[in-house]
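Undergrad: Quick note on this note's numbering: the sequence shown kicks off at 3 and runs consecutively.
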Amino acid sequence: MSQNTITLAQAQQWAQNWRNNPNPDVIAFLIPEIDLTQVIEERDTVNVRTYLGIDDDNRCKLMIVGVDASGNDLIDDTKGQYIYDLTTACQPDCDVNSPLFNI
Numbered sequence: 003m004s005q006n007t008i009t010l011a012q013a014q015q016w017a018q019n020w021r022n023n024p025n026p027d028v029i030a031f032l033i034p035e036i037d038l039t040q041v042i043e044e045r046d047t048v049n050v051r052t053y054l055g056i057d058d059d060n061r062c063k064l065m066i067v068g069v070d071a072s073g074n075d076l077i078d079d080t081k082g083q084y085i086y087d088l089t090t091a092c093q094p095d096c097d098v099n100s101p102l103f104n105i
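1) On the three-state DSSP scale, how would you describe residue 41?
2) Is residue 93 helix, strand or coil when you go by DSSP?
3) Taking only beta-carbon atoms, is residue 97 less than 9 Å away from chain D?
4) May I ask you to report which of helix, strand or coil DSSP gives residue 70?
5) State buried or exposed for residue 18, treating a residue as buried only when at least 16 other CB atoms are found within 10 Å of its CB.
6) For residue 76 versus residue 64, is the C-beta distance shorter than 9 Å?
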């Protein structure tokens, strides 16, 4: 299994948590390079899609999945198609000097 992955059940729960209680204080996410590299290298991936979620510790998360040429999410761990997450939200993990932060 690739690094920084979560199960489909976890992803579904986190997405439901976000939809039930979105956090307007989150303005960005820091995404580890390894997450992007691994999802892009998956077979049949031509794009990447992200989903918002809140984990069991009430931390906002960005879940990353590969997308095929037809626009379908590629989620099947038996085929090496994973849901990636080791993202951290801004707030607190921000670049306070960024022109996108200071608006």
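Heads up, the beta-carbon is just placed ideally off N, CA and C, and yes, glycines get one too. Remember, it's a predicted structure, so these values are computed and weren't measured experimentally.
TA: Looking at the atomic coordinates:
1) Here residue 41 corresponds to residue number 39 of the sequence shown, with the count starting at 1. Residue state, collapsed to three classes: helix.
2) For the purposes of this step, residue 93 is taken as the residue at position 91 of the sequence shown. Residue 93 sits in coil when the DSSP states are folded into three classes, being neither helix nor strand.
3) Structure shown: chain D not included; a single protein chain is present.
4) Taking the sequence shown and counting its residues from 1, one reaches residue 70 at position 68. Under the three-state reduction of DSSP, residue 70 is assigned to coil, being neither helix nor strand.
5) Counting from one through the sequence shown, the residue named residue 18 turns up at place 16. The residue is exposed, with fewer than 16 neighbouring Cβ atoms inside 10 Å.
6) Here the question's residue 76 lines up with position 74 in the sequence shown. Here the question's residue 64 lines up with position 62 in the sequence shown. Cβ distance not < 9 Å, so residue 76 and residue 64 don't count as in contact.
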